[in-house]
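This report refers to the structure that appears directly beneath it.
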Amino acid sequence: MRVKVIPRSSKNQVAGKEHDIYKIKLTSPPIEGKANEALIALLAGKLRIPKKSVEIISGKRSRLKNVRIVGLSEQSISSRLKE
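Just so it is clear: in the sequence shown, position 15 is 21 by our numbering, and no numbers are missing.
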């Protein structure tokens, strides 16, 4: 799945989906991987899966990232992120 991260936001949240890209707001700054860690924690929590099932496969230093989710279908991911 593709995500666009908006760091230094007021709260951690999934802010919607536009053109197959999820917009995710994070309170963490993009320093020393803190935003990436927060992204993994947020996605794992929202999807109700272990953190090890969420992996950033590209874009670790970019706002636009490709994330691999293990163990869930695309439909399950979409419905859980809307909750």
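By construction, the Cβ of each residue, glycine as well, lies at the ideal position given by its N, Cα and C atoms. Keep in mind it's a predicted model, so treat the numbers as computed, not measured.
When the Cα atoms are used, what is the spatial distance from R54 to P36? 24 Å
- Which runs of the beta strand (DSSP E) fall wholly inside the region 9-83 and span at least 3 residues, in chain order? 19-24, 27-31, 60-64, 70-75
* To do: For L70, count neighbouring Cβ atoms within 10 angstroms of its own Cβ and tell me buried if that reaches 16, exposed if not.
  => exposed
*What residue from P13, V20, E61 has the CA that sits closest to R98's CA?*
Nothing can be reported for residue 98, as the shown portion of the chain is limited to 7 through 89.
Checklist entry - Measuring CB to CB, does K10 end up less than 7 Å from K29? => result yes
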